[in-house]
Amino acid sequence: MPEVVVPIGPYHPALKEPVNFKVIADGEIIVRLELDLAYNHRGIEKAAEARDFVRVVPLLERVCGICSHSHTTAFCKGIEEAMGVTVPPRGQLIRVIVAELERMHSHLLWLGVAGHEIGFNTLFMWTWRDREVVQDMLEELTGNRVNYGMNAVGGVRRDIEPPLVARCLKRLSPLEERIRKYADMVRHEPTTLARFQGVGRLTKEQALAFGTVGPTARASSVDYDIRRDDPYIGYADIPFDVVTDGQGDVFGRTLVRIGELLQSVRIVRYALENLPPGPVRVNTPRGAPKAEVLSRYEAPRGELAHFIRTNNTDKVERLDIRTPTLANWTSVAVSLVGSNLADIPVVVAAIDPCLSCTSRITIVDPGRRQTSVMSWDELRAHGIDFYRRKEGV
Amino acid sequence: MTNASPLAAEDVMKAMEGLGSVDRARTNRLRVIVSPERVREAILRAQGSLGCDHVIQIGIVDNGRVFELHYHLTGPHRTVVTIKTELPRDDARIASSHDLLPPAGIYERQIHDLFGIVFEGHPNLQRLILTEDWPEDEYPLRKDWTMRPDRRYGGSTPEGT
Amino acid sequence: MKLSERIVAWARLKSPWIILFNSGACNACDIEVIAAITPRFDVERFGILAKSSPRHGDILVVTGPVTRKQVKRLRMIYDQMPEPKYVIAMGACGATGGVFRGLYHVVDGVDQVIPVDMFVAGCPPRPDEIIDGVVKCLELMKADMKNGGKAWRVKAPAPAAEPKPAAVPGTEVTA
């Protein structure tokens, strides 16, 4: 029997974003996977070189609508580091509040989409209903539901008034209760247990070798969180725990994300209660001196890196964005090898792919160096072997 | 894992002895400047004696004169070790490091597509980001690249082709 | 109008099925469209269903500027839809390219590739605005049915179409 190539996408009923898989399958079992995800490449890095800092911020906000605050914060703090400017504490904490609310909305969105991918639409509807609470808070804090326009080089654009702080605090407790309910539901619901457990497993060694970041890595007990390891915008003073899990499968990633939701509630509550007085923004010089900054940020999906080079002008000489999804793609293809065709959507969804951010392609082979000359029998043997090993764990 | 202390500049200097100069940008950023042919050796040494197990990014800058490649590595010590090298613009090629750093395979393909740098020994250095019908010899992120009005850059409808 | 036609028209207006296609957007419009499906906004109460196959759709919702790689795909999706088909371009990017206008890998608005019936403004539009756009599109459908097709609202072509300026990367809207 020859190998069967199943093309999926770029437009596909199960996908919300354009991505193309070429799944090479032996019966139901995936032996190889080719991913093409560059459908959203727009050329932002080139445009960033031609616009000044003030105009780059709204552009970077639209790298990705889900993690828009992440990109602008990573950029602004990089430029601030190059300029030698310190953002006032109140501005920093407001950035933290928006960042953690964004993490909450993104993780709730993910939980819903993952529920949708396994046919658990009740979870989808419930999490998205609760996500609206977060969206309301974001809208009241920043003025927009999705692209917040909150960041500027030197601080944030809007201050938070005390009545708004009280309103947000009041909303957090019911939300926390709901999140605890989801944590309980995911652990006990037969649907999630059947579809999440043991699916898309990554060992700690694999997670490290393939350079995974964020919840994907933390679910494989890689204790790696930029908020703690390379603290920025005041995270050094905020109490929170890094959530990890040892299971390494989709179930572990779900638990990590739910744990992070609770931590985010804790951070937002702390930040709202301890908001220092003072200005939210400082004036910055127009240009930045010659400098080179690697600005790292813990986005909802993992570590985001902006490599910024400035050269005494008001434009960047180079802005190199490495998005978390790009770092995680390699692991998707690896963890899918040997699984069922039916598991593709949930494993792909499990890294919370953000294709607008990424828009890159990857082709990953199980035996990286030999596969190009592997015969079909070898491939098949490899697939079966991999599956056995996976089941034997 | 998190208790590991940050790397000191001296450690890096010792590990990278004979490869190039070491400087530090701030508390947890250290940079080594090496020549292109010794990048792989530097990565191996960083992985060995410095314990770097994670590649953050391969940053690339076209500063108008040369291409600069920055391999940002980190490890349990949470210090970013950057290996920097410079490639000439007219013949930009460097040995691939996809076997040392598995995720680097994707980053290298991306750089190849947008900058035209050839990574020798890369098993699959194909088109990565740009559309299928983008001209072969145009690399949009180079500083001197502009769109030429007499060329087609892809993205036409079926009846338009 | 024959009885059968009237039944079809009634069914079409009471339950339009929408298809969502991301032609290069930043996801913001997409999550807002999905938010419109979920309990807070709940478009299903208008009979609007989000469908996945273009062959089942009445209204194509396109989010984002069209990237060069998506041009062909967008056109194919559009061609697969059954007549009468309507297209809603979402947000600033769908209308003109938005912040991405003139970049090297986009061809700007959706109307460069397929005919668009309705533009929804915003970056991104709120879910209620999206619902408003779909409902307005239904009125357009009704008017089209009365006038026997879309031909009545096609404007005469401009006498001398000025040549489109060549897209220069990095340059943006100066107005």
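Protein chains in written order, with the numbering used here: chain A, 1 to 393; chain Y, 1001 to 1161; chain F, 2001 to 2175.
C-beta: ideal position from N, C-alpha, C; glycine also.
Keep in mind the model is a prediction, meaning the values are calculated, not measured.
Contact with chain A by residue i, beta-carbon distance below 8 angstroms
i	result
ASP1053(Y)	yes
ALA1008(Y)	no
GLU2032(F)	yes
PRO2065(F)	yes
ILE2089(F)	One point to set straight first is that residue 2089(F) is Ala, not Ile, in the sequence displayed. Not one chain A Cβ lies under 8 angstroms of ALA2089(F).
ARG2153(F)	no
GLY2109(F)	no
LEU1044(Y)	no
ALA2194(F)	Nothing can be reported for residue 2194(F), as the shown portion of chain F is limited to 2001 through 2175.
Test: residue i CB closer than 8 angstroms to a CB of chain Y
i	result
LYS2142(F)	no
ARG2213(F)	Nothing about residue 2213(F) can be reported from this structure: the residues present for chain F run from 2001 to 2175 only.
ARG2068(F)	yes
ALA350(A)	no
TYR2104(F)	yes
ASN147(A)	no
GLU298(A)	no
ALA330(A)	The question names Ala, but residue 330(A) in the sequence shown is Thr. Answer yes: the Cβ-Cβ gap between THR330(A) and chain Y drops below 8 angstroms somewhere.
ARG218(A)	no
Coil, strand or helix - residue i by DSSP
i	result
MET1147(Y)	coil
GLN92(A)	helix
GLU28(A)	coil
GLY1105(Y)	helix
TYR182(A)	helix
SER359(A)	Because the pLDDT of SER359(A) is 43, which lies under 50, any placement of that residue in the model is unreliable, and the number read from its coordinates should be weighed accordingly. Coil, per DSSP.
LEU2049(F)	strand
GLU2139(F)	helix
THR73(A)	helix
TRP1134(Y)	coil
ALA48(A)	helix
THR2038(F)	coil
TYR1153(Y)	coil
PRO1088(Y)	strand
ASP320(A)	strand
HIS1098(Y)	coil
Beta-carbon gap between residue i and residue j smaller than 8 angstroms
i	j	result
HIS1070(Y)	LEU1007(Y)	no
ALA1046(Y)	VAL1034(Y)	no
GLU81(A)	VAL87(A)	no
SER395(A)	ALA74(A)	Beyond the ends of chain A as shown, which are 1 and 393, falls residue 395(A); an answer cannot be given.
ARG62(A)	ALA152(A)	no
LYS1143(Y)	GLY1064(Y)	yes
ALA219(A)	VAL256(A)	yes
GLN92(A)	GLY259(A)	no
THR127(A)	LEU101(A)	no
LEU2138(F)	ASP2117(F)	no
THR2067(F)	ARG318(A)	no
Candidates the options, of which the one nearest residue i by Cα
i	options	result
GLY287(A)	LEU326(A), ARG309(A), ARG269(A)	ARG309(A)
MET83(A)	LEU336(A), ILE44(A), LYS315(A)	LYS315(A)
ARG2075(F)	ASN2022(F), GLY2149(F), MET2145(F), TRP2017(F)	ASN2022(F)
ILE2088(F)	GLY2133(F), LYS2146(F), SER2052(F), VAL2107(F)	GLY2133(F)
PRO276(A)	HIS69(A), ARG90(A), GLY211(A), ARG266(A)	ARG90(A)
GLU2005(F)	ILE2019(F), LYS2142(F), VAL2107(F), LYS2155(F)	LYS2142(F)
GLY2024(F)	ALA342(A), TYR39(A), LEU33(A), GLU34(A)	TYR39(A)
LEU141(A)	PRO163(A), ARG266(A), LYS46(A)	PRO163(A)
TYR2104(F)	ARG1127(Y), ASP1090(Y), ARG1148(Y), GLU1136(Y)	ARG1148(Y)
ARG322(A)	TYR297(A), ASN311(A), ALA47(A), LEU123(A)	TYR297(A)
LEU208(A)	LEU1073(Y), ILE1083(Y), GLU1086(Y)	LEU1073(Y)
GLN1057(Y)	LEU1050(Y), LEU1044(Y), VAL1081(Y)	VAL1081(Y)
PRO215(A)	ASP36(A), LEU60(A), TYR182(A), ALA327(A)	ALA327(A)
Contact with chain F by residue i, beta-carbon distance below 8 angstroms
i	result
ARG1040(Y)	no
GLY1154(Y)	yes
PRO1140(Y)	yes
GLU132(A)	yes
TRP128(A)	yes
Closer than 7 angstroms: residue i CB and nearest the ligand NAD heavy atom
i	result
VAL146(A)	This structure lacks the ligand NAD, and indeed carries no ligand of any kind.
Are the stretch 238-250 of chain A and the stretch 181-199 of chain A touching, with three or more C-beta to C-beta distances below 8 angstroms?
yes
For the stretch 19-28 of chain A and the stretch 111-122 of chain A, state whether three or more C-beta atom pairs, one from each stretch, are separated by less than 8 angstroms.
no
Do the stretch 2075-2085 of chain F and the stretch 1100-1117 of chain Y make contact, defined as three or more Cβ pairs closer than 8 angstroms?
no
Assess contact between the stretch 2120-2134 of chain F and the stretch 2021-2037 of chain F, defined as three or more Cβ pairs (one per stretch) separated by less than 8 angstroms. Is contact present?
yes
Is the stretch 288-306 of chain A touching the stretch 217-229 of chain A, taking contact as three or more C-beta pairs under 8 angstroms?
yes
Would you check if there are 3 or more beta carbon pairs closer than 8 angstroms linking the stretch 141-160 of chain A to the stretch 2054-2068 of chain F?
no
On the three-pair Cβ rule with 8 angstroms, is the stretch 1079-1098 of chain Y touching the stretch 1113-1125 of chain Y?
yes
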